[in-house]
Amino acid sequence: IGIIYPNPNQVYTRTRDLSQVRQGFEQQLKGFETDYSDFGMLHYVDAADDLEKILSNGIFDYARKLKQDGTVRHLGISTHSVNICQQVLKINEIDLIMLSTNTAYDFEPSNGKLIISQERRQLYQDCQKSGVAITVMKPFGGGRLLDASTSPFHRAMSIPQCIQYALDRPAAITCVPGVRSMDDLTSVLAYYNAPREERDYSSIADAKLQDIDGVCIYCNHCLPCPVSIDIGAVNKYLDLANSGDELAKDHYFKLTRKASDCTFCGVCEPRCPFHVHVRARMEEAIKFFGK
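Converting from the sequence shown to the numbering used here requires adding 814 to each position, the first position being numbered 1.
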(Lines of atoms letter the chains of each structure in order from A and count residues from 1; the text may use other names and numbers.)
(Lines give C-alpha, C1' and ligand atoms only; values in the text may rest on other atoms or scores of the structure.)
Protein backbone atom coordinates (compact mmCIF):
# COMPACT_ATOMS: atom_id res chain seq x y z
CA ILE A 1 0.00 0.00 0.00
CA GLY A 2 1.79 3.11 -1.17
CA ILE A 3 3.59 1.65 -4.18
CA ILE A 4 2.22 0.72 -7.58
CA TYR A 5 3.50 -1.32 -10.51
CA PRO A 6 2.54 0.80 -13.54
CA ASN A 7 4.23 -1.03 -16.42
CA PRO A 8 6.69 -3.83 -17.17
CA ASN A 9 9.58 -1.39 -17.55
CA GLN A 10 9.45 -0.16 -13.97
CA VAL A 11 9.88 -2.12 -10.76
CA TYR A 12 7.59 0.19 -8.85
CA THR A 13 6.51 3.78 -8.44
CA ARG A 14 6.15 5.43 -5.06
CA THR A 15 2.91 7.33 -4.55
CA ARG A 16 0.85 8.98 -1.84
CA ASP A 17 -2.16 9.52 -4.11
CA LEU A 18 -5.08 7.53 -2.69
CA SER A 19 -6.59 6.60 -6.05
CA GLN A 20 -3.22 5.30 -7.28
CA VAL A 21 -2.64 3.46 -4.01
CA ARG A 22 -6.01 1.74 -4.36
CA GLN A 23 -5.30 0.89 -8.01
CA GLY A 24 -1.86 -0.49 -7.18
CA PHE A 25 -3.07 -2.67 -4.32
CA GLU A 26 -5.96 -4.09 -6.33
CA GLN A 27 -3.56 -4.74 -9.19
CA GLN A 28 -1.33 -6.76 -6.86
CA LEU A 29 -4.21 -8.86 -5.59
CA LYS A 30 -5.25 -9.57 -9.16
CA GLY A 31 -1.71 -10.43 -10.18
CA PHE A 32 -1.39 -12.95 -7.35
CA GLU A 33 -4.88 -14.30 -8.07
CA THR A 34 -6.11 -13.82 -4.52
CA ASP A 35 -8.76 -11.79 -2.74
CA TYR A 36 -6.78 -11.07 0.43
CA SER A 37 -3.30 -10.31 1.70
CA ASP A 38 -1.83 -11.42 5.01
CA PHE A 39 -0.14 -8.03 5.38
CA GLY A 40 -1.06 -4.60 4.09
CA MET A 41 2.24 -2.71 4.15
CA LEU A 42 2.42 1.07 4.13
CA HIS A 43 5.78 1.35 2.45
CA TYR A 44 8.62 3.81 2.51
CA VAL A 45 7.60 5.92 5.55
CA ASP A 46 10.94 7.53 6.37
CA ALA A 47 10.06 11.09 7.33
CA ALA A 48 7.52 12.87 9.52
CA ASP A 49 5.74 14.32 6.50
CA ASP A 50 5.41 10.80 5.02
CA LEU A 51 3.58 9.63 8.12
CA GLU A 52 1.47 12.80 8.26
CA LYS A 53 0.36 12.37 4.63
CA ILE A 54 -0.64 8.76 5.21
CA LEU A 55 -2.64 9.69 8.29
CA SER A 56 -4.32 12.76 6.78
CA ASN A 57 -5.02 12.02 3.12
CA GLY A 58 -7.14 8.89 3.49
CA ILE A 59 -4.48 6.22 2.88
CA PHE A 60 -4.42 5.00 6.47
CA ASP A 61 -8.22 5.03 6.59
CA TYR A 62 -8.22 2.93 3.41
CA ALA A 63 -5.74 0.48 4.97
CA ARG A 64 -7.80 0.32 8.16
CA LYS A 65 -10.97 -0.46 6.18
CA LEU A 66 -9.14 -3.21 4.26
CA LYS A 67 -8.31 -4.81 7.58
CA GLN A 68 -11.84 -4.40 8.91
CA ASP A 69 -13.18 -6.06 5.75
CA GLY A 70 -10.69 -8.91 6.01
CA THR A 71 -8.98 -8.01 2.73
CA VAL A 72 -5.78 -7.65 4.71
CA ARG A 73 -5.20 -9.52 7.94
CA HIS A 74 -2.54 -7.28 9.49
CA LEU A 75 -1.23 -3.75 8.95
CA GLY A 76 2.45 -2.91 8.65
CA ILE A 77 4.79 0.00 7.94
CA SER A 78 8.27 -0.06 6.42
CA THR A 79 10.79 2.57 7.51
CA HIS A 80 14.47 3.23 8.14
CA SER A 81 13.74 5.68 10.98
CA VAL A 82 13.69 4.81 14.68
CA ASN A 83 11.75 8.01 15.35
CA ILE A 84 9.03 7.02 12.88
CA CYS A 85 8.82 3.61 14.54
CA GLN A 86 8.18 5.22 17.92
CA GLN A 87 5.45 7.40 16.42
CA VAL A 88 3.90 4.34 14.78
CA LEU A 89 3.74 2.54 18.12
CA LYS A 90 1.63 5.40 19.49
CA ILE A 91 -0.95 4.85 16.73
CA ASN A 92 -1.63 1.45 18.30
CA GLU A 93 -3.07 -0.03 15.09
CA ILE A 94 0.08 -1.35 13.43
CA ASP A 95 0.96 -5.04 13.75
CA LEU A 96 4.32 -5.13 11.98
CA ILE A 97 7.24 -2.80 11.34
CA MET A 98 9.75 -3.50 8.59
CA LEU A 99 13.00 -1.92 9.81
CA SER A 100 16.61 -1.91 8.61
CA THR A 101 18.54 -3.68 11.35
CA ASN A 102 22.19 -4.75 11.52
CA THR A 103 25.31 -4.24 13.61
CA ALA A 104 26.43 -1.20 11.60
CA TYR A 105 23.16 0.59 12.32
CA ASP A 106 22.77 -0.56 15.92
CA PHE A 107 26.17 0.09 17.47
CA GLU A 108 27.62 3.35 18.76
CA PRO A 109 30.76 4.32 20.71
CA SER A 110 30.85 4.52 24.49
CA ASN A 111 34.00 4.80 26.64
CA GLY A 112 36.24 3.38 23.97
CA LYS A 113 33.94 0.44 23.19
CA LEU A 114 31.00 -0.26 20.94
CA ILE A 115 27.57 -0.76 22.46
CA ILE A 116 24.06 -1.04 21.04
CA SER A 117 22.44 2.37 20.69
CA GLN A 118 20.13 3.04 23.61
CA GLU A 119 17.59 4.53 21.20
CA ARG A 120 17.45 1.37 19.11
CA ARG A 121 17.58 -0.92 22.16
CA GLN A 122 14.59 0.94 23.59
CA LEU A 123 12.69 0.61 20.31
CA TYR A 124 13.16 -3.17 20.21
CA GLN A 125 11.94 -3.43 23.79
CA ASP A 126 8.96 -1.13 23.16
CA CYS A 127 7.92 -3.20 20.14
CA GLN A 128 8.15 -6.37 22.22
CA LYS A 129 6.00 -4.85 24.98
CA SER A 130 3.45 -3.52 22.50
CA GLY A 131 3.14 -6.80 20.63
CA VAL A 132 4.33 -5.17 17.40
CA ALA A 133 6.53 -7.53 15.41
CA ILE A 134 9.63 -6.49 13.47
CA THR A 135 10.63 -7.91 10.12
CA VAL A 136 14.24 -7.08 9.39
CA MET A 137 15.50 -5.61 6.13
CA LYS A 138 19.12 -4.71 5.29
CA PRO A 139 20.58 -7.40 7.60
CA PHE A 140 23.87 -7.27 5.64
CA GLY A 141 24.00 -3.47 5.45
CA GLY A 142 23.64 -3.66 1.68
CA GLY A 143 26.42 -6.25 1.59
CA ARG A 144 28.82 -3.93 3.39
CA LEU A 145 29.10 -6.15 6.46
CA LEU A 146 30.07 -9.21 4.42
CA ASP A 147 33.37 -7.74 3.23
CA ALA A 148 36.23 -6.74 5.55
CA SER A 149 37.20 -3.92 3.18
CA THR A 150 33.78 -2.26 3.47
CA SER A 151 32.64 -3.34 6.94
CA PRO A 152 32.74 -0.50 9.49
CA PHE A 153 34.37 -2.99 11.87
CA HIS A 154 37.17 -3.78 9.38
CA ARG A 155 36.21 -7.42 9.67
CA ALA A 156 33.69 -9.43 7.68
CA MET A 157 30.61 -10.99 9.17
CA SER A 158 29.11 -14.09 7.60
CA ILE A 159 25.56 -14.35 6.30
CA PRO A 160 24.53 -16.68 9.18
CA GLN A 161 26.02 -14.25 11.72
CA CYS A 162 24.14 -11.28 10.26
CA ILE A 163 20.85 -13.18 10.15
CA GLN A 164 21.26 -14.51 13.67
CA TYR A 165 22.03 -11.03 14.98
CA ALA A 166 18.89 -9.65 13.34
CA LEU A 167 16.65 -12.43 14.62
CA ASP A 168 18.01 -12.05 18.16
CA ARG A 169 16.63 -8.52 18.46
CA PRO A 170 13.53 -8.33 20.68
CA ALA A 171 10.31 -8.42 18.62
CA ALA A 172 12.13 -9.56 15.44
CA ILE A 173 10.28 -12.48 13.87
CA THR A 174 11.56 -12.59 10.29
CA CYS A 175 14.56 -11.51 8.25
CA VAL A 176 14.19 -10.60 4.56
CA PRO A 177 17.56 -10.08 2.86
CA GLY A 178 17.62 -8.88 -0.71
CA VAL A 179 18.05 -11.69 -3.23
CA ARG A 180 19.45 -11.01 -6.71
CA SER A 181 20.06 -14.55 -7.90
CA MET A 182 19.69 -18.23 -7.07
CA ASP A 183 23.19 -18.13 -5.57
CA ASP A 184 22.06 -15.37 -3.19
CA LEU A 185 19.02 -17.42 -2.20
CA THR A 186 21.11 -20.54 -1.62
CA SER A 187 23.55 -18.57 0.53
CA VAL A 188 20.74 -17.17 2.67
CA LEU A 189 18.98 -20.52 3.09
CA ALA A 190 22.27 -22.06 4.27
CA TYR A 191 21.54 -20.29 7.57
CA TYR A 192 19.16 -23.10 8.49
CA ASN A 193 21.93 -25.70 8.32
CA ALA A 194 24.66 -23.56 9.84
CA PRO A 195 25.87 -24.90 13.21
CA ARG A 196 25.61 -22.67 16.23
CA GLU A 197 29.27 -21.68 16.17
CA GLU A 198 28.91 -20.37 12.61
CA ARG A 199 25.96 -18.22 13.65
CA ASP A 200 27.77 -16.82 16.71
CA TYR A 201 28.40 -13.11 16.19
CA SER A 202 29.89 -12.41 19.64
CA SER A 203 33.27 -11.53 18.10
CA ILE A 204 31.81 -8.15 17.18
CA ALA A 205 32.09 -7.24 20.85
CA ASP A 206 35.88 -7.32 20.50
CA ALA A 207 35.90 -4.44 18.01
CA LYS A 208 37.68 -1.40 19.39
CA LEU A 209 37.22 2.18 18.30
CA GLN A 210 40.70 2.23 16.76
CA ASP A 211 39.66 -0.72 14.56
CA ILE A 212 37.09 1.45 12.77
CA ASP A 213 38.93 4.77 12.85
CA GLY A 214 37.87 6.90 9.89
CA VAL A 215 34.75 4.81 9.15
CA CYS A 216 31.24 6.17 9.68
CA ILE A 217 28.88 3.82 11.55
CA TYR A 218 25.99 6.34 11.34
CA CYS A 219 25.90 7.07 15.08
CA ASN A 220 25.32 10.83 14.49
CA HIS A 221 27.55 11.92 17.36
CA CYS A 222 28.64 14.60 14.85
CA LEU A 223 25.27 16.37 15.12
CA PRO A 224 23.79 18.93 15.36
CA CYS A 225 24.67 20.20 11.92
CA PRO A 226 24.27 23.99 11.52
CA VAL A 227 22.21 23.42 8.34
CA SER A 228 20.38 20.35 9.74
CA ILE A 229 21.94 17.68 7.52
CA ASP A 230 21.40 14.15 8.86
CA ILE A 231 25.07 13.27 8.36
CA GLY A 232 24.68 9.62 9.37
CA ALA A 233 21.86 9.13 6.86
CA VAL A 234 23.85 10.73 4.03
CA ASN A 235 26.77 8.42 4.79
CA LYS A 236 24.52 5.39 5.09
CA TYR A 237 22.80 5.93 1.75
CA LEU A 238 26.14 6.69 0.07
CA ASP A 239 27.60 3.42 1.35
CA LEU A 240 24.50 1.47 0.35
CA ALA A 241 24.47 3.01 -3.12
CA ASN A 242 28.16 2.25 -3.59
CA SER A 243 27.50 -1.37 -2.61
CA GLY A 244 24.83 -1.70 -5.32
CA ASP A 245 21.61 -0.96 -3.39
CA GLU A 246 19.36 0.48 -6.11
CA LEU A 247 16.88 1.98 -3.63
CA ALA A 248 19.51 3.97 -1.71
CA LYS A 249 19.40 6.86 -4.17
CA ASP A 250 15.64 7.22 -3.72
CA HIS A 251 16.07 7.24 0.06
CA TYR A 252 18.83 9.84 -0.23
CA PHE A 253 16.71 12.23 -2.27
CA LYS A 254 13.92 11.97 0.30
CA LEU A 255 16.21 13.58 2.90
CA THR A 256 15.17 17.11 3.82
CA ARG A 257 18.79 18.27 3.68
CA LYS A 258 21.34 16.71 1.36
CA ALA A 259 25.11 16.79 1.01
CA SER A 260 24.77 19.67 -1.43
CA ASP A 261 23.45 21.79 1.47
CA CYS A 262 26.75 21.38 3.34
CA THR A 263 28.62 24.65 3.98
CA PHE A 264 31.83 22.72 4.79
CA CYS A 265 32.17 24.57 8.08
CA GLY A 266 33.72 21.48 9.67
CA VAL A 267 32.11 21.83 13.12
CA CYS A 268 30.95 18.20 12.90
CA GLU A 269 34.36 16.61 12.52
CA PRO A 270 35.79 17.22 16.05
CA ARG A 271 32.69 15.53 17.50
CA CYS A 272 33.15 12.29 15.56
CA PRO A 273 34.61 9.57 17.82
CA PHE A 274 35.88 7.74 14.71
CA HIS A 275 37.63 10.76 13.15
CA VAL A 276 35.61 10.53 9.95
CA HIS A 277 36.50 13.20 7.38
CA VAL A 278 32.89 14.33 7.11
CA ARG A 279 33.50 17.12 4.62
CA ALA A 280 35.24 14.72 2.25
CA ARG A 281 32.30 12.35 2.57
CA MET A 282 29.89 15.17 1.73
CA GLU A 283 31.94 15.95 -1.39
CA GLU A 284 31.83 12.26 -2.34
CA ALA A 285 28.05 12.20 -1.91
CA ILE A 286 27.65 15.31 -4.08
CA LYS A 287 29.72 13.70 -6.84
CA PHE A 288 27.80 10.42 -6.58
CA PHE A 289 24.24 11.69 -6.24
CA GLY A 290 24.60 15.09 -7.86
CA LYS A 291 22.89 18.25 -6.67
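Ideal Cβ placement from N, Cα and C applies to all residues, glycine included. Please read all numbers here as calculations on a predicted model, not as lab measurements.
Distances from the CA of residue 872 to each of 832, 905, 973, 896 were compared; the closest alpha carbon is that of 832. In the three-state DSSP reduction, residue 836 falls in the helix class (H, G or I). Beta-bridge pairing by DSSP links residue 853 to 888. Annotated three-state conformation of residue 1008 is coil, per DSSP. With 16 or more other Cβ atoms inside 10 Å of its own Cβ, residue 915 counts as buried.
Residue range 947–951 is occupied by the beta strand (DSSP E) that includes residue 950. For residue 972, the closest C-alpha among the options 980, 884, 978, 960 is that of 960. The residues 984, 985, in chain order, have a CB closer than 8 Å to that of residue 942 in the same chain once the five nearest residues on each side in sequence are set aside. Cα atoms of residue 981 and residue 855: separation of roughly 20 Å, rounded to the nearest angstrom. Counting along the chain, the unbroken beta strand (DSSP E) around residue 912 starts and ends at 910–914. A check of alpha carbon separations from residue 1051 across 929, 1038, 1032 identifies 1032 as the nearest. In terms of CA proximity to residue 1014, 974 leads the group 974, 1105, 907. Rounded to the nearest whole angstrom, the C-alpha separation of residue 930 and residue 921 is 4 Å. Looking from the CA of residue 860, the closest CA among 954, 1092, 1061, 1084 belongs to 1061. Around the beta carbon of residue 1036, 16 or more other beta carbons lie within 10 angstroms, which makes this residue buried. Around residue 886, the same chain offers 851, 854, 880 as residues with beta carbons nearer than 6 Å, after the five sequence neighbours per side are excluded. DSSP, reduced to helix, strand and coil, places residue 895 outside both helices and strands of the structure shown, so it counts as coil. Using a C-beta cut-off of 8 Å, the segment 986–998 makes no contact with the segment 1019–1029, since fewer than three inter-stretch Cβ pairs fall below that distance. Taking C-alpha positions only, residue 1093 is separated from residue 895 by approximately 24 Å. Take residue 1090, set aside five residues on each side of it, and the residues of its chain with a beta-carbon closer than 8 Å to its own are 1028, 1029, 1030, 1036, 1049, 1083, in chain order. By the Cβ neighbour-count rule, residue 1101 is exposed, with fewer than 16 other Cβ atoms within 10 Å of its own.
About 12 Å separates the Cβ atoms of residue 913 and residue 940, ruling out a contact at the 8 Å cut-off.
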